[in-house]
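Residue numbers (my numbering): 16 to 418.
(1) Hey, how far is the Cα of residue 125 from the Cα of residue 238?
(2) Assuming residue 250 and residue 282 are in contact, meaning their beta carbons sit under 8 Å apart, how far apart are those beta carbons, in whole angstroms?
(3) Taking the C-alpha atoms as reference points, what is the distance between residue 178 and residue 267?
(4) Counting only the same chain and skipping the five closest in sequence on each side, list residues whose C-beta sits under 6 Å from that of residue 172.
(5) Could you compute how far the alpha carbon of residue 105 sits from the alpha carbon of residue 327?
(6) Runs of 3 residues minimum, wholly inside the region 120 to 194: which ones carry the beta strand (DSSP E) assignment?
(7) Ends of the beta strand (DSSP E) at residue 223?
(8) Is the Cβ-Cβ distance between residue 76 and residue 70 less than 7 Å?
(9) Does the distance from the C-beta atom of residue 346 to that of residue 182 stay below 7 Å?
(10) Could you check where the beta strand (DSSP E) with residue 84 kicks off and where it finishes?
(11) Just to confirm, are residue 240 and residue 103 a CB contact at a threshold of 7 Å?
(12) Tell me which residues share the same chain as residue 38 and place their Cβ nearer than 7 Å to its Cβ, disregarding the 5 neighbours each side in the sequence.
(13) For the alpha helix (DSSP H) that residue 106 lies in, which residues bound it at each end?
(14) Would you call the region 374 to 390 and the region 337 to 351 in contact, with 3 or more CB pairs under 8 Å?
(15) Taking the straight line between their C-alpha atoms, what separation do you get for residue 208 and residue 157?
(16) From the DSSP output, in three-state form, read off residue 16 for me.
(17) Under the assumption that residue 51 contacts residue 295 (Cβ atoms under 8 Å), give the Cβ distance between them as a whole number of angstroms.
(18) Do residue 383 and residue 229 come within 7 Å of each other at the CB atom, strictly closer than that value?
(19) If we count the other Cβ atoms within 10 Å of its Cβ and call it buried at 16 or more, is residue 154 buried or exposed?
(20) Determine contact between the region 357 to 373 and the region 399 to 413, defined as no fewer than three beta-carbon pairs at a distance below 8 Å.
(21) So, for residue 90: in the same chain, excluding its five sequence neighbours on each side, which residues have a beta-carbon less than 7 Å away from its beta-carbon?
(22) Use the C-beta contact count for residue 145: other C-beta atoms within 10 angstroms, 16 or more gives buried, fewer gives exposed.
(23) Alpha carbon to alpha carbon, how far is residue 275 from residue 118? Give it in angstroms, no decimals.
(24) Assuming residue 176 contacts residue 164 under a Cβ cut-off of 8 Å, what Cβ separation, rounded to an integer in Å, is found between them?
(25) How long is the line joining the alpha carbons of residue 147 and residue 115, rounded to whole angstroms?
(26) Leaving aside the five residues before and after residue 417 along the sequence, list all residues of the same chain whose C-beta is less than 6 Å from its C-beta, in chain order.
(27) Of all the options 94, 318, 54 and 180, which has the alpha carbon lying nearest to the alpha carbon of residue 133?
(28) Count the other CB atoms within 10 Å of the CB of residue 59; is the residue buried (16 or more) or exposed (fewer)?
(29) What is the DSSP secondary structure of residue 211, reduced to helix, strand or coil?
(30) Alpha carbon to alpha carbon, how far is residue 412 from residue 264? Give it in angstroms, no decimals.
(31) Quick check on the burial criterion: 16 or more other C-beta atoms within 10 angstroms. Buried or exposed for residue 68?
(32) Under 8 Å by Cβ, that's how I've got residue 242 and residue 280 pegged, so tell me the actual separation to the nearest angstrom.
(33) Give a yes or no on whether the C-beta atoms belonging to residue 394 and residue 339 are separated by under 7 Å.
(34) According to the Cβ coordinates, are residue 404 and residue 36 closer than 7 Å?
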C-alpha cells in the first residue's frame, strides 16, 4: 500500500538516512537534513569564518532567539512574539514555573504529573527548595486524578502533552480550561508533540509551554529549547534575569531592567551555530502542514500497532500506547520483560529504537521521513529476534551510558 501522503517523499529524500538502517528514534533525536548541513557550513565558513564578530549585526545573530521562536510559533499555534528559542527545556521550565508563581501570587502550590519526564519534576522540586515551603509546595499526582482535582489553591499545573514512556496524548484543551476556570495556570511540555501533533496553543487559550528542537524538529543533538508565554502573561514577571533579557543590553547598566514582552525571558548568549541548525531544520516544515504530518503519523502508528497485533510472534506483546487516534502522540511503546536486550538486538540488526526503564521499547514515528516500509522491516525483525531468542546473548545486555 502506498504512503498516505506522497507529497512527503521529496522532503524525505533530503534526510541523511542509511539504506541499511530503519530509523525509528526521531522521538529522541531527529535525523539530519541536507538543509541543516548546508546552513551550518555557511554559518561556520562564511559568517563566522569571514565576518567574525560583525556577524552579530550583519547576519542578525542577535535576533536569532526571536526569529527562530517565531518559526516554532507557527508549528505550535502561537503568534509572533510569543515564543523564544533559547537555553534548554529544563531551564525554560524553571523560568515558567517561577513566572507562574509570580503571576498567580499569592497562590503557592504547583501540581505536576507523577509520570512526568523526570526533569520537569526535578525543576518543580528545585523551585520549591529555593523558595522554601512557605512560598512553594509541589504535589505530584497521577494524571487520572486531574479530572477530580481541586485547582482552587493551585498556582500552576505542569504536564506533558505526550507522555514520554507510553506515548499517551493528554487532553490539552480540556485540562487547560478546567484548571483556568479555578484560577490556575497550566505549563505544557511539548517535547514529544511539537512537530507531530496539532497543539493550537492560542486557540485553546494556553498559558505557557516549553519544548526542545532536537526531537521531531530535527535541530540536531543538544539543539536549543523553546518557551511559549501567552502575551497576557509576559509583562507580569521577571524570571531568571540575565543580560540578554535586559531592556538595554549594551548600556551595561548595573541594575536589571526587564525588556518588554517575551524578550525578558532571555538569559545569556545563545549558541549561534546550534540556533542556525535549528532554524534551518524548522524551514523544512514550510513545505508541508502540521495537519498533514499528524495524519501521516497516525496512519503509521496505527499500521505499526496493527502489524504487531496480527503477527503470530508479536501479537501478545503489551502495547502501552492507546489505539484511539485522539489519545496517542507519534510513538508506539511496547512493554517486554527483556526489553533492554531486545532493543539492543533490534539496533544490532539495523532497526534503531530506544529503551526506557523499566521495560519499555519505544518506536518513534517521525512523519517527515518514516514510511510504511520501515514498519514492515521493524516488525519482521522484532519477530525474528523473539523467535530465535538471539537477544539472550550476553552482548545484548551490556549497557552504555545512554540507553
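Cβ coordinates follow ideal geometry from the N, Cα and C atoms, glycine included.
Reading it off the structure:
(1) As a first step, residue 125 must be located in the chain shown, where it is residue number 110. As a first step, residue 238 must be located in the chain shown, where it is residue number 223. Cα to Cα, residue 125 sits roughly 28 Å from residue 238.
(2) Mapped onto the chain shown, residue 250 falls at position 235. Mapped onto the chain shown, residue 282 falls at position 267. Between residue 282 and residue 250 the Cβ distance is about 18 Å, and since that is not below 8 Å, they are no contact.
(3) The residue given as residue 178 occupies position 163 in the chain shown. The residue given as residue 267 occupies position 252 in the chain shown. If you take the alpha carbons of residue 178 and residue 267, they lie about 43 Å apart.
(4) Residue 172 sits at position 157 when you count from the first residue of the chain shown. So the list reads 126, 194, 199 and 201, once near-sequence residues are dropped.
(5) Locating residue 105 in the chain shown gives position 90, counting from the first residue. Locating residue 327 in the chain shown gives position 312, counting from the first residue. When rounded, the distance between both Cα atoms is 43 Å.
(6) Counting whole runs of 3 or more residues, the region 120 to 194 contains the beta strand (DSSP E) stretches 124 to 128, 152 to 156 and 169 to 175.
(7) Counting from 1 along the chain shown, the entry for residue 223 is found at position 208. Taken as a continuous stretch (DSSP letters only), the beta strand (DSSP E) holding residue 223 covers 223 to 227.
(8) Position 61 of the chain shown, counted from the first residue, corresponds to residue 76. Position 55 of the chain shown, counted from the first residue, corresponds to residue 70. Yes, Cβ-Cβ distance for residue 76 and residue 70 is below 7 Å.
(9) Position 331 of the chain shown, counted from the start, is the residue given in the question as residue 346. Position 167 of the chain shown, counted from the start, is the residue given in the question as residue 182. Yes, the Cβ-Cβ distance between residue 346 and residue 182 is below 7 Å.
(10) By one-based count along the chain shown, residue 84 stands at place 69. It is not in any beta strand (DSSP E) - residue 84 instead sits in the alpha helix (DSSP H) that spans 79 to 91.
(11) Locating residue 240 in the chain shown gives position 225, where the first residue counts as 1. Locating residue 103 in the chain shown gives position 88, where the first residue counts as 1. A contact, by the Cβ cut-off of 7 Å.
(12) Locating residue 38 in the chain shown gives position 23, counting from the first residue. Closer than 7 Å at Cβ, skipping near neighbours: 32, 46 and 367.
(13) Taking the first residue of the chain shown as 1, we reach residue 106 at position 91. Per DSSP, residue 106 belongs to the alpha helix (DSSP H) from 104 to 118.
(14) yes
(15) The residue given as residue 208 occupies position 193 in the chain shown. The residue given as residue 157 occupies position 142 in the chain shown. Roughly 20 Å between the two C-alpha positions.
(16) In the chain shown, counting from the first residue as 1, residue 16 sits at position 1. In this prediction, residue 16 scores a pLDDT of 37, lower than 50, which makes its location untrustworthy; the coordinate-derived value is nonetheless stated afterwards. Three-state DSSP puts residue 16 in coil, outside helix and strand.
(17) Mapped onto the chain shown, residue 51 falls at position 36. Mapped onto the chain shown, residue 295 falls at position 280. Right, their Cβ atoms sit about 5 Å apart.
(18) The residue you call residue 229 lines up with position 214 of the chain shown. The residue you call residue 383 lines up with position 368 of the chain shown. Cβ atoms of residue 229 and residue 383: not closer than 7 Å.
(19) On the chain shown, position 139 is the one that residue 154 refers to. Exposed is the call here.
(20) Cβ pair count under 8 Å is three or more, so yes.
(21) Position 75 of the chain shown holds residue 90. Taken in chain order, the residues that qualify are 209, 210, 300 and 305.
(22) Reading the chain shown from its first residue, position 130 is the one you call residue 145. If you draw a 10 Å sphere on the C-beta of residue 145, you find fewer than 16 other C-beta atoms in it, and that means exposed.
(23) For the purposes of this step, residue 118 is taken as the residue at position 103 of the chain shown. For the purposes of this step, residue 275 is taken as the residue at position 260 of the chain shown. Roughly 16 Å between the two C-alpha positions.
(24) Taking the chain shown and counting its residues from 1, one reaches residue 176 at position 161. Taking the chain shown and counting its residues from 1, one reaches residue 164 at position 149. Between residue 164 and residue 176 the Cβ distance is about 18 Å, and since that is not below 8 Å, they are no contact.
(25) Numbered from its first residue, the chain shown carries residue 147 at position 132. Numbered from its first residue, the chain shown carries residue 115 at position 100. When only Cα atoms are considered, residue 147 and residue 115 end up about 16 Å apart.
(26) Start at 1 with the first residue of the chain shown, and residue 417 comes out as number 402. Around residue 417: no qualifying Cβ.
(27) Taking the first residue of the chain shown as position 1, residue 133 is located at position 118. Selected option, being the one with the closest Cα: 180.
(28) Start at 1 with the first residue of the chain shown, and residue 59 comes out as number 44. Exposed, by the Cβ-count rule.
(29) As a first step, residue 211 must be located in the chain shown, where it is residue number 196. Three-state result, residue 211: coil.
(30) Position 249 of the chain shown, counted from the start, is the residue given in the question as residue 264. Position 397 of the chain shown, counted from the start, is the residue given in the question as residue 412. Using only the alpha carbons, I get a separation of about 52 Å.
(31) The residue given as residue 68 occupies position 53 in the chain shown. Under this definition residue 68 is an exposed residue.
(32) Start at 1 with the first residue of the chain shown, and residue 242 comes out as number 227. Start at 1 with the first residue of the chain shown, and residue 280 comes out as number 265. Rounded, the Cβ-Cβ distance is 6 Å, consistent with contact.
(33) Taking the chain shown and counting its residues from 1, the one referred to as residue 394 is at position 379. Taking the chain shown and counting its residues from 1, the one referred to as residue 339 is at position 324. Their beta carbons are not under 7 Å apart, which means residue 394 does not touch residue 339 by this criterion.
(34) To locate residue 404, count along the chain shown from 1; it is residue 389. To locate residue 36, count along the chain shown from 1; it is residue 21. No, Cβ-Cβ distance for residue 404 and residue 36 is not below 7 Å.
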